[in-house]
Amino acid sequence: MRVATSRTGTRRGRAYRSQLSQLADLLRAQGGGVLITVDEVHCKGLRELGTTIQHAFREQRNVAFVGAGLPSAVEELLSDEVSTFLRRADRRHLRTVSPDEVAEALAMPIRTAGRDVTPDDVDRDEAAQFE
């Protein structure tokens, strides 16, 4: 879903809310719900999405939100008056992952599938790029 922040935002916001409500109702009938994920969370551009999600929460729809971002960006978003639902959210601070941990995370599913993987297959220097 692309969030618009133009003068037509109110109309688009209502459209997002209607679409999210319809989707949540359809999935609830099948025992499911909607998970909305946003990477690189920051205040700019999330106002309408936040309002839409907040309405869904108030209406007790099966909607969940997961966002990730730098601590300073998350704090800025939390200070916005529209994002009150985020202030009640369960926040997790992730630590830095070492190259060895990245290499193991890449190798584990291969081993779980019954295949062998060598250290050369999972190059720790390559894994260090994700640090």
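At position 64 of the sequence shown (counting the first as 1) the number is 65 in the working numbering, and the numbers step up by one without a gap. We put the CB at the ideal spot given by N, CA and C, even for glycine.
Item                                                                                                                                                             : Value
Assess, as a yes-or-no matter, whether the region 74-88 is touched by the region 49-56 under the definition of 3 or more beta carbon pairs within less than 8 Å. : yes
Taking its Cβ as the centre, do 16 or more other Cβ atoms sit within 10 Å of L21, making it buried, or is it exposed?                                            : buried
Would you please state the rounded distance, in angstroms, between the beta carbons of V42 and L95? I believe it to be under 8 Å.                                : That pair is no contact at about 13 Å.
Does the Cβ of A140 have 16 or more other Cβ atoms within 10 Å, making it buried, or fewer, making it exposed?                                                   : No information on residue 140 is available, as it lies outside the stretch 2 to 132 that the chain covers here.
Assuming A57 is part of the beta strand (DSSP E), what are its boundary residues?                                                                                : Careful: A57 lies outside any beta strand (DSSP E), inside the alpha helix (DSSP H) at R48 to R59.
What did DSSP end up calling A65 once you bin it into helix, strand or coil?                                                                                     : strand
Can you give me the C-alpha to C-alpha distance between P120 and R15, rounded to a whole angstrom?                                                               : 53 Å
Skipping 5 residues on each side, what residues in its chain have a beta carbon closer than 7 Å to that of F58?                                                  : V64 and F86
My output table needs one value for T38: the three-state DSSP class, helix, strand or coil.                                                                      : strand
Buried or exposed for E49, going by 16 or more other Cβ atoms inside 10 Å?                                                                                       : buried
Under the three-state reduction of DSSP, which class applies to P120: helix, strand or coil?                                                                     : coil
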